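Residue numbers (this note's numbering): 136 to 333.
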């Protein structure tokens, strides 16, 4: 299959500032499935009573582990229709990873620490990634053809942004503006304000 050059997307808010933790997804007109033999095993850690990373993107049927790096136990769960699951009170790393087998957004929480929150975006496409602190992401090894470009962020206003792109494009860089309500990422309360030990 002929591949196009890498495609770089930069996401900013209406204020012109970069948007970190935005999911950028390219869905090919002709579906392309990831090779299960090379599918990565993802980690969403719990450290200092915080999920790391805050936003993760995976391709459908990929696996995620939830290692607990704190001394206190966590109870990780989701009620999201895309993947309801529960990892009851534990420390260390659960024996079995969780398989995310349905596309959609999965909101992750801890039943012990209500302020802990994260999101896993499950894509039907292998061409998906999360923007860095500069609001940028590079999608590599893309085939030629027509794609639906989707951008999602947990603080987005007005729903998921969607457009079309044809590769190879005249420019390998794209600037996307989304409307978000900026917030602070979830963080544990200061010591002495109802927080539990690490």
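The beta carbon of each residue, even a glycine, is placed where N, CA and C say it ideally should be.
Keep in mind that this is a model prediction, so the values were computed, not measured.
- The shortest C-alpha to C-alpha distance from residue 310 to any of 317, 320, 286, 324 is the one to 286.
- Taking every protein chain shown into account, the CB of residue 274 has 16 or more other CB atoms within 10 angstroms, so this residue is buried.
- When the beta-carbon positions are compared, residue 272 and residue 144 come within less than 8 angstroms of each other.
- Of the candidates 265, 180, 185, the residue whose Cα lies closest to the Cα of residue 320 is 185.
- When DSSP assignments are scanned along the region 181-224, the uninterrupted stretches of beta strand (DSSP E) that are 3 or more residues long and fall wholly within it turn out to be 185-187, 190-194, 197-200, 209-213.
- Within a 10 Å sphere around the beta-carbon of residue 203 sit 16 or more other beta-carbons, which makes this residue buried.
- Sixteen is the threshold: since fewer than 16 other Cβ atoms of the shown chains lie within 10 Å of the Cβ of residue 165, the residue is exposed.
- Around the beta carbon of residue 236, fewer than 16 other beta carbons sit within 10 angstroms, so the residue counts as exposed.
- For residue 283, the enclosing beta strand (DSSP E) covers residues 280-287.
- In the DSSP assignment, residue 291 forms a beta bridge with 315.
- It is roughly 22 angstroms from the alpha-carbon of residue 246 to the alpha-carbon of residue 290.
- When secondary structure is reduced to three states using DSSP, residue 247 falls in the coil class, being assigned neither helix nor strand.
- By the neighbour-count criterion, in which 16 or more other beta carbons inside 10 Å mark a residue as buried, residue 195 falls on the buried side.
- Taking C-beta atoms as the reference points, residue 240 and residue 220 fail to come closer than 8 angstroms.
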